[in-house]
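The structure appears below as structure tokens.
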Amino acid sequence: MIRSATIHVWTGLIVLSVSTASAPGEDASDIVPADARLEEVWNEGEFTEGVAAGPDGMIYFSDIPKEVPGRVLKFDPQTGTTVVHCADSGKSNGLMFDPAGRLLAACGANEGRRALCEVKSDGTMHVLAERFHGKRFNSPNDLVIARDGTVYFSDPRYVGSEPVELDLQSVYRWHPESGEVERLKTGVTKPNGVMLSPDEQTLYVAETDNGTLDGASPPPEGTKLRMTLNAFPLHADGSLGSRRVLVDFGQKLGTDGMTVDAEGRIYAAVRSDDRYGIRIYSPEGKELASIPTPSLPTNCCFGTGDQASMLYVTAGGGLYRIRLRTRGASGAQ
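Each number in the working numbering comes from the position in the sequence shown (counting from 1) with 1 added on.
What follows is the structure, encoded as structure tokens:
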């Protein structure tokens, strides 16, 4: 059954200054126009996440309320209309379309599905993987899909009272042909956002370790947070090379989700209380520009087609967009 209802049509400009800090050889104005403004297109959610551009030109995103199952919404850039695509998404978080046009979702804990799932075109859900070596995942959070359909996804735990069965919070690789789930050795204690470089030779992993498995409990006294943005060479045989820390946020909240543009620059949703927003980094970790958001950001993606220069951002309970002078990398939507 198709469960679709119109929610709201609304646009408004959020006037926030865009800061730029050019690295040697880089001109930030080539990325973010001086007159660029972040535009609010929808803001009726509780906690939006996982924005993804569909092959139909629509923008899909998750809304993750605390007390209900969660949903996937669909925004039409042409009409400004947002509708419910999936009314019970099992606490879907990260979303992305695979090469076959299927919408895949990382579904979390707190009464969610705790699985890698497919969101069917009729809004129903199909579980693709929910266990590693017979044990349930912690809380799949974000995912990125390679051009051959291979899925990389993170499995931390931030909220949820379900028993934790696995010994680690890890990054996994799911092989669509066999259904095999493979744990990758990253050394990242609590992975969050994941992304591939445009040439698929680098896997980016956000380490966002707040020191607790339960959102209701504070971390133990004296806990040192681990907040880093990391790059791993991805070899032809599938193995990962040595970890390279691109950005160390110290004891401030770091990166949630991220995307890349056609030039390989990284667009990271950074949640530091003192300067939150989308920070744009070179592949070497140099900050090039920053786009403030009105509330803590969670994820971002570029549109497709004539929207390929439009960056869409989930933050707070809303969906925002800003037109840039660059285009998203093919397959990074």
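All C-beta atoms in this analysis are idealised placements derived from N, C-alpha and C, irrespective of residue type, glycine included.
For residue i, does the three-state DSSP call read helix, strand or coil?
i	result
residue 207	strand
residue 93	strand
residue 123	coil
residue 7	Note on residue 7: pLDDT 34, under 50, position unreliable in the model; the coordinate value appears next. Of the three classes helix, strand and coil, the one that applies to residue 7 here is strand, per DSSP.
residue 12	Only weak support exists for where residue 12 lies, its pLDDT of 47 falling under 50; the value from the coordinates is given anyway. DSSP places residue 12 in coil when its eight states are reduced to three.
residue 2	Since pLDDT at residue 2 reaches only 27, below the 50 mark, its modelled position is unreliable, and the value read off the structure follows with that caveat. Reduced to three states, the DSSP call for residue 2 is coil.
residue 272	coil
residue 143	coil
residue 307	helix
residue 75	strand
residue 136	strand
residue 101	coil
residue 174	strand
residue 226	coil
residue 221	coil
residue 82	strand
residue 335	The question about residue 335 has no answer here: the residues shown for the chain are numbered 2 through 334.
If I follow the unbroken beta strand (DSSP E) through residue i, where does it start and stop?
i	result
residue 65	Unbroken run through residue 65: none, as it is neither H nor E.
residue 298	298-303
residue 155	152-156
residue 245	245-249
residue 182	182-185
residue 1	Residue 1 falls outside the range modelled here, since the chain spans only 2 to 334, and no answer is possible.
residue 54	49-54
residue 257	256-261
Are the beta-carbon atoms belonging to residue i and residue j less than 8 Å from one another?
i	j	result
residue 155	residue 192	yes
residue 190	residue 206	no
residue 299	residue 80	no
residue 37	residue 323	yes
residue 260	residue 303	yes
Just grab the DSSP bridge partners of residue i for me.
i	result
residue 32	Looking at the DSSP assignment, residue 32 forms no beta bridge with any residue, so it has no partner.
residue 232	205 and 245
residue 167	Residue 167 pairs with nothing; no bridge assigned.
With three or more beta-carbon pairs closer than 8 Å as the criterion, would you say the region 309-327 touches the region 287-296?
yes
| message | Quick test of the definition: if touching needs 3 or more C-beta pairs under 8 Å, does the region 126-137 touch the region 86-103? | response | yes
The region 131-150 / the region 94-113 touching (three or more Cβ pairs under 8 Å):
yes
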